[in-house]
Amino acid sequence: MIWYKDDELIIEFDKKPSVTMSYPMPCYDECKNREIDKKPFLNKEDLEVKITVQKPVGILSDRKTYTFIIPKGYTWDGATIPRFFWRFIGANTSPEFLIPSMIHDVLCENHSYIDNNRYLSTIILERLLYCSDVNGFKRWMMKHSVDNFQKIKGGWKK
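Read left to right, the sequence shown gives residues 56 to 213 (this note's numbering).
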């Protein structure tokens, strides 16, 4: 299922992503509730992701296809947006951020999925935000904030 396609990039999923939000419950132990507080979003089914770079994107020069699976049970924290910016961008739990933030978090945790290409992970996030109908200003803010944070934080070297 093609989720996004242009002259530069194709993003495909083998099926529609199925995600949900978990909530702390009295019947869970304290450790489980802390995990849910930290990463409340849950991928409900294995999801195969295919990213095809069709022509140069930023520093990419070759056509290449990357394929990886996000396992059932994968959890993440949503979009990492500081509370101060929620008024301008939206809350980290906004539904339009769920799929883009899941894919981006997986790529940040598994750099090898896209050959350690930090910039490609940022472009993928921006294109998925577009698919989620996030307006241009918010996409621009999120793209540049994420890109600059990753530059400062480092960790994307081979």
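Don't be surprised by glycine CBs; every beta carbon is placed ideally from N, CA and C.
Only a predicted model underlies this, so the values are computations on that prediction, with no experimental measurement involved.
Is residue i helix, strand or coil when you go by DSSP?
i    : result
I189 : Residue identity check: residue 189 is Val in the sequence provided, not Ile. It is coil, neither helix nor strand.
Y168 : helix
Y174 : helix
I57  : strand
W222 : With the chain covering 56 to 213 only, the question about residue 222 has no answer from this structure.
R142 : coil
P150 : helix
Y155 : For clarity, residue 155 is Pro in the given sequence; the question names Tyr instead. Three-state DSSP puts P155 in a helix.
Cutting at 7 Å between CB atoms, please list the residues of its own chain near residue i, excluding the five before and the five after it.
i    : result
S156 : W131, G133 and A134
F109 : The sequence given here has Gln at residue 109, not Phe. D62, E63, L64, I65 and R118.
V201 : T177 and L180
How long is the line joining the alpha carbons of residue i and residue j, rounded to whole angstroms?
i    : j    : result
T120 : Y185 : 21 Å
P95  : P111 : 36 Å
N165 : I179 : 14 Å
K70  : P137 : 31 Å
R182 : P150 : 16 Å
N98  : S77  : 10 Å
D92  : M80  : 11 Å
A146 : F152 : 9 Å
Y83  : R194 : 37 Å
In this structure, what does DSSP give as the bridge partners for residue i?
i    : result
K105 : E67 and T122
F96  : M76 and W131
Can you confirm whether residue i, when its beta carbon is compared against all beta carbons of chain D, has any partner nearer than 8 Å?
i    : result
D188 : Looking for chain D here will not work: only one protein chain is present.
For residue i, which residues in the same chain have their Cβ closer than 8 Å to its Cβ, ignoring the five residues on either side in sequence?
i   : result
V45 : Any question about residue 45 goes unanswered here, given that the chain covers just 56 to 213.
So, do the stretch 122 to 134 and the stretch 97 to 104 have three or more beta carbon pairs nearer to each other than 8 Å? yes
At least 3 beta-carbon pairs within less than 8 Å: the stretch 160 to 174 vs the stretch 136 to 145: no
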